[in-house]
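Okay, so here's the structure we're looking at.
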Amino acid sequence: MLKVQKIILTSVVCAVTTVALFARADTETGSFSARGTGAQTCATVTAGFQADAPIAQNEVASWLSGYISHMNRTTEGYFDVSPVQDTRHLAIVINAACAQNPDSLLEGVSWTVISALRPLASKTETDLVTVENDLGSITLRSDVLLEMQKILVTEGVLDANQADGQYGQNTNNALRTYQEANGLSVTGLPEAFTMLSIAQKLQQ
(Lines of atoms letter the chains of each structure in order from A and count residues from 1; the text may use other names and numbers.)
(Lines give C-alpha, C1' and ligand atoms only; values in the text may rest on other atoms or scores of the structure.)
Protein backbone atom coordinates (compact mmCIF):
# COMPACT_ATOMS: atom_id res chain seq x y z
CA MET A 1 0.00 0.00 0.00
CA LEU A 2 2.80 2.43 0.86
CA LYS A 3 4.37 1.90 -2.56
CA VAL A 4 1.10 2.83 -4.29
CA GLN A 5 0.68 5.90 -2.11
CA LYS A 6 4.18 7.00 -3.11
CA ILE A 7 3.26 6.57 -6.79
CA ILE A 8 0.12 8.66 -6.30
CA LEU A 9 2.04 11.35 -4.44
CA THR A 10 4.90 11.39 -6.95
CA SER A 11 2.52 12.32 -9.75
CA VAL A 12 1.09 15.08 -7.53
CA VAL A 13 4.22 16.58 -6.01
CA CYS A 14 6.21 16.72 -9.24
CA ALA A 15 4.46 20.07 -9.62
CA VAL A 16 5.79 21.44 -6.33
CA THR A 17 8.73 23.18 -7.97
CA THR A 18 6.37 25.12 -10.26
CA VAL A 19 3.90 26.21 -7.59
CA ALA A 20 5.12 29.81 -7.75
CA LEU A 21 4.12 30.00 -11.40
CA PHE A 22 0.46 29.47 -10.53
CA ALA A 23 0.10 30.92 -7.04
CA ARG A 24 -1.33 34.41 -6.72
CA ALA A 25 1.34 36.63 -5.24
CA ASP A 26 2.10 40.26 -4.56
CA THR A 27 5.30 40.59 -6.59
CA GLU A 28 5.97 40.41 -10.30
CA THR A 29 8.37 37.53 -9.76
CA GLY A 30 5.69 35.42 -8.08
CA SER A 31 7.31 35.49 -4.65
CA PHE A 32 5.36 35.90 -1.44
CA SER A 33 5.86 35.56 2.29
CA ALA A 34 4.65 32.32 3.88
CA ARG A 35 3.90 32.69 7.58
CA GLY A 36 3.42 30.47 10.59
CA THR A 37 3.56 26.71 10.23
CA GLY A 38 3.40 27.02 6.46
CA ALA A 39 6.83 28.69 6.44
CA GLN A 40 8.51 25.57 7.85
CA THR A 41 10.49 23.34 5.53
CA CYS A 42 9.08 19.92 4.77
CA ALA A 43 12.11 18.37 6.45
CA THR A 44 11.14 20.10 9.70
CA VAL A 45 7.50 19.05 9.36
CA THR A 46 8.37 15.42 8.60
CA ALA A 47 10.80 15.28 11.54
CA GLY A 48 8.05 16.60 13.79
CA PHE A 49 5.65 13.92 12.60
CA GLN A 50 8.23 11.25 13.36
CA ALA A 51 9.11 12.61 16.79
CA ASP A 52 5.70 13.59 18.18
CA ALA A 53 3.14 12.66 15.54
CA PRO A 54 -0.07 13.74 17.35
CA ILE A 55 1.31 17.18 18.27
CA ALA A 56 2.81 17.87 14.84
CA GLN A 57 -0.27 16.52 13.08
CA ASN A 58 -2.55 18.79 15.12
CA GLU A 59 -0.31 21.81 14.46
CA VAL A 60 -0.35 21.24 10.71
CA ALA A 61 -4.08 20.46 10.75
CA SER A 62 -4.82 23.69 12.62
CA TRP A 63 -2.77 25.72 10.16
CA LEU A 64 -4.51 23.96 7.24
CA SER A 65 -7.93 24.97 8.55
CA GLY A 66 -7.02 28.64 8.24
CA TYR A 67 -5.18 28.13 4.97
CA ILE A 68 -8.13 26.37 3.33
CA SER A 69 -10.56 28.98 4.68
CA HIS A 70 -8.46 31.64 2.97
CA MET A 71 -8.37 29.62 -0.26
CA ASN A 72 -12.15 29.23 -0.10
CA ARG A 73 -12.53 33.00 0.22
CA THR A 74 -10.15 33.84 -2.63
CA THR A 75 -10.67 30.98 -5.14
CA GLU A 76 -13.32 32.09 -7.59
CA GLY A 77 -16.01 29.58 -8.47
CA TYR A 78 -15.58 27.28 -5.46
CA PHE A 79 -17.38 27.00 -2.16
CA ASP A 80 -14.91 24.52 -0.64
CA VAL A 81 -11.60 23.86 -2.41
CA SER A 82 -10.78 20.74 -0.41
CA PRO A 83 -13.02 17.67 -0.52
CA VAL A 84 -11.21 16.37 2.58
CA GLN A 85 -13.03 17.85 5.57
CA ASP A 86 -10.84 16.42 8.33
CA THR A 87 -7.64 18.46 8.17
CA ARG A 88 -5.88 15.87 10.36
CA HIS A 89 -6.32 13.34 7.55
CA LEU A 90 -5.20 15.92 5.00
CA ALA A 91 -2.13 16.64 7.15
CA ILE A 92 -1.11 12.97 6.86
CA VAL A 93 -1.25 13.13 3.06
CA ILE A 94 0.64 16.41 2.98
CA ASN A 95 3.29 15.04 5.34
CA ALA A 96 3.75 12.06 3.01
CA ALA A 97 4.20 14.49 0.10
CA CYS A 98 6.61 16.54 2.21
CA ALA A 99 8.75 13.45 2.78
CA GLN A 100 9.45 13.47 -0.97
CA ASN A 101 10.17 17.21 -1.05
CA PRO A 102 12.23 17.95 2.11
CA ASP A 103 13.55 21.30 0.88
CA SER A 104 10.12 22.69 -0.06
CA LEU A 105 8.01 24.79 2.27
CA LEU A 106 4.92 23.25 3.80
CA GLU A 107 2.82 26.00 2.19
CA GLY A 108 3.93 25.05 -1.32
CA VAL A 109 3.33 21.34 -0.85
CA SER A 110 -0.04 22.02 0.77
CA TRP A 111 -1.08 24.21 -2.15
CA THR A 112 -0.06 21.48 -4.60
CA VAL A 113 -1.88 18.66 -2.80
CA ILE A 114 -5.06 20.72 -2.33
CA SER A 115 -4.90 21.73 -6.00
CA ALA A 116 -4.58 18.07 -6.97
CA LEU A 117 -7.77 17.39 -5.00
CA ARG A 118 -9.56 20.26 -6.79
CA PRO A 119 -11.47 18.06 -9.30
CA LEU A 120 -13.50 16.78 -6.33
CA ALA A 121 -13.94 20.22 -4.74
CA SER A 122 -17.38 21.73 -4.09
CA LYS A 123 -18.40 24.55 -6.41
CA THR A 124 -21.62 25.18 -4.49
CA GLU A 125 -22.71 24.75 -0.90
CA THR A 126 -24.06 21.28 -0.21
CA ASP A 127 -24.80 19.42 2.99
CA LEU A 128 -22.10 17.77 5.04
CA VAL A 129 -22.80 14.06 5.45
CA THR A 130 -21.09 11.53 7.67
CA VAL A 131 -20.52 8.10 6.17
CA GLU A 132 -19.54 5.20 8.38
CA ASN A 133 -18.95 1.50 8.50
CA ASP A 134 -17.35 -0.93 10.92
CA LEU A 135 -13.91 0.67 10.37
CA GLY A 136 -14.80 4.26 11.14
CA SER A 137 -16.49 7.36 9.80
CA ILE A 138 -15.68 10.21 7.42
CA THR A 139 -17.44 13.52 6.84
CA LEU A 140 -17.70 14.94 3.33
CA ARG A 141 -20.05 17.04 1.24
CA SER A 142 -22.91 15.35 -0.58
CA ASP A 143 -21.75 16.62 -4.00
CA VAL A 144 -18.29 15.14 -3.37
CA LEU A 145 -19.83 11.77 -2.56
CA LEU A 146 -21.84 11.89 -5.78
CA GLU A 147 -18.78 12.76 -7.88
CA MET A 148 -16.88 9.89 -6.27
CA GLN A 149 -19.73 7.53 -7.09
CA LYS A 150 -19.64 8.64 -10.73
CA ILE A 151 -15.97 7.69 -10.91
CA LEU A 152 -16.75 4.33 -9.29
CA VAL A 153 -19.34 3.82 -12.05
CA THR A 154 -16.73 4.73 -14.69
CA GLU A 155 -14.32 2.28 -13.05
CA GLY A 156 -16.94 -0.45 -13.36
CA VAL A 157 -17.29 -1.15 -9.64
CA LEU A 158 -20.67 0.54 -9.07
CA ASP A 159 -23.90 0.38 -11.09
CA ALA A 160 -24.99 3.70 -12.59
CA ASN A 161 -28.36 3.64 -10.81
CA GLN A 162 -26.51 3.39 -7.49
CA ALA A 163 -24.76 6.75 -7.95
CA ASP A 164 -27.33 8.66 -5.93
CA GLY A 165 -25.29 10.74 -3.48
CA GLN A 166 -26.10 8.34 -0.65
CA TYR A 167 -23.60 6.11 1.14
CA GLY A 168 -24.77 2.57 1.68
CA GLN A 169 -23.54 -0.99 1.34
CA ASN A 170 -23.24 -0.72 -2.45
CA THR A 171 -20.93 2.30 -2.25
CA ASN A 172 -19.03 0.71 0.64
CA ASN A 173 -18.42 -2.42 -1.44
CA ALA A 174 -17.54 -0.40 -4.54
CA LEU A 175 -14.99 1.65 -2.63
CA ARG A 176 -13.43 -1.49 -1.20
CA THR A 177 -13.12 -2.96 -4.68
CA TYR A 178 -11.64 0.28 -6.02
CA GLN A 179 -9.20 0.56 -3.13
CA GLU A 180 -8.03 -3.02 -3.50
CA ALA A 181 -7.58 -2.62 -7.27
CA ASN A 182 -5.55 0.55 -6.75
CA GLY A 183 -3.37 -0.69 -3.89
CA LEU A 184 -4.96 1.56 -1.25
CA SER A 185 -6.00 0.71 2.29
CA VAL A 186 -9.21 -1.28 1.93
CA THR A 187 -11.66 0.50 4.23
CA GLY A 188 -14.75 1.14 2.15
CA LEU A 189 -14.47 4.76 3.28
CA PRO A 190 -13.54 7.82 1.17
CA GLU A 191 -10.39 8.61 3.15
CA ALA A 192 -7.86 11.19 1.97
CA PHE A 193 -5.59 8.95 -0.13
CA THR A 194 -8.63 7.45 -1.86
CA MET A 195 -9.95 10.94 -2.59
CA LEU A 196 -6.58 11.92 -4.06
CA SER A 197 -6.58 8.83 -6.27
CA ILE A 198 -10.14 9.50 -7.48
CA ALA A 199 -9.39 13.19 -8.07
CA GLN A 200 -6.55 12.12 -10.36
CA LYS A 201 -8.97 9.87 -12.28
CA LEU A 202 -11.15 12.93 -12.87
CA GLN A 203 -8.15 14.76 -14.35
CA GLN A 204 -7.43 12.03 -16.89
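Each residue of the sequence shown is one higher than the one before, starting from 987 at the first, in this note's numbering. No residue lacks a Cβ here, since even glycine has one placed at the ideal position from N, Cα and C. No experiment lies behind these values; they were computed from the predicted model shown.
On the DSSP letters alone, give me the boundaries of the beta strand (DSSP E) that residue i sits inside.
i     : result
E1118 : 1114-1119
T1125 : 1122-1127
Could you tell me the distance, in whole angstroms, from the CA atom of residue i to the CA atom of residue j?
i     : j     : result
R1127 : E1111 : 8 Å
Y1164 : N1156 : 12 Å
A1160 : G1174 : 7 Å
V1067 : T1061 : 8 Å
F1008 : L1103 : Below a pLDDT of 50, predicted positions are generally treated as unreliable, and F1008, at 39, falls in that range; the measurement from the model is reported next regardless. Spanning the two alpha carbons is a distance of roughly 16 Å.
N1158 : S1051 : 28 Å
D1145 : D1089 : 45 Å
N1147 : Q1026 : 47 Å
A1178 : L1114 : 16 Å
A1167 : R1059 : 37 Å
What residue range is occupied by the uninterrupted alpha helix (DSSP H) comprising residue i?
i     : result
G1063 : Counting along the chain, G1063 falls outside any alpha helix (DSSP H), and DSSP gives it neither H nor E.
L1106 : Per DSSP, L1106 belongs to no alpha helix (DSSP H) and is neither H nor E.
A1077 : 1073-1085
L1188 : 1178-1189
How is residue i classed by DSSP in three states: helix, strand or coil?
i     : result
L1144 : coil
L945  : No answer is possible for residue 945: the residues shown for the chain start at 987 and end at 1190.
L1050 : helix
Just confirm the distance between the C-beta atoms of residue i and residue j, as a whole number of angstroms; I'd bet it's less than 8 Å.
i     : j     : result
I1100 : I1054 : 7 Å
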